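A.B. asks:
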Amino acid sequence: MKKKVAFVCVHNSCRSQMAEGWAKKLGSDVLEVYSAGTEDYPEVKPGAVQVMEEAGVDMSEHYPKLISDIPEEVDFLITMGCNVVCPFIPCSHSEDWGLEDPSGGPIEDYRKTRDIIKEKVEDLIKRVKNNG
1 MKKKVAFVCV HNSCRSQMAE GWAKKLGSDV LEVYSAGTED YPEVKPGAVQ VMEEAGVDMS
61 EHYPKLISDI PEEVDFLITM GCNVVCPFIP CSHSEDWGLE DPSGGPIEDY RKTRDIIKEK
121 VEDLIKRVKN NG
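Mapping the sequence shown onto full-length UniProt numbering, position 120 (from 1) lands on 120, and the numbers just tick up by one.
1. Within 10 angstroms of the Cβ of M59, are there 16 or more other Cβ atoms? Answer buried if so, exposed if not.
2. Buried or exposed for E20, please, with buried defined as at least 16 other CB atoms from any protein chain shown within 10 angstroms of its CB.
3. Tell me whether D123 sits in a helix, a strand or coil according to DSSP, three-state version.
4. So Q50 packs on S35, CB below 8 angstroms; how close in whole Å?
5. One question on the structure: do V5 and V57 come within less than 8 angstroms of each other, judged by their Cβ atoms?
6. Tell me, please, whether the stretch 117 to 130 touches the stretch 59 to 69 by the rule of three or more beta-carbon pairs shorter than 8 angstroms.
7. Do C14 and D101 have their C-beta atoms closer together than 8 angstroms?
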């Protein structure tokens, strides 16, 4: 049975979207993947879409979602380093990845964040597979 994972940050426009993209591409056999934000935002950041496309992950159809748009309970709640208190979502396990938001910075910052997120998603998938 797949584990539900939710990647959450403030706007659901960059880091949590990249995490969702990687998790769907790399872990669709073991993960049911969601991402959401705590505040409404009009679009996924073009820089995030661009660098994920460079890595072979299509996020052109992604759009920001709110906490209310995802399941009320998940197995894993991953926050991105919001610097805010993320809302409580019932879960078996939660962790904060403490990632800097590359928004507004050079494209290289988006690439660094993309690569860090990929490593963290790969580690999460490994842990899910090892612990059933």
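Where a beta carbon is used, it is the ideal one built from N, C-alpha and C, also for glycine.
Remember, predicted model here, so these are calculated numbers, not experimental data.
C.D. replies: Once the coordinates are examined:
1. Answer is buried; the Cβ neighbour count reaches 16.
2. Its Cβ being crowded by 16 or more others within 10 Å, E20 is buried.
3. If DSSP states are grouped into helix, strand and coil, D123 belongs with the helices.
4. In fact, because the Cβ distance is near 18 angstroms, the residues do not count as touching under 8 angstroms.
5. The Cβ atoms of V5 and V57 do not sit closer than 8 angstroms to each other.
6. Counting C-beta pairs with one atom in each stretch, the stretch 117 to 130 and the stretch 59 to 69 have fewer than three that are closer than 8 angstroms, which means they do not touch.
7. If you check the CB distance, C14 and D101 come in under 8 angstroms.
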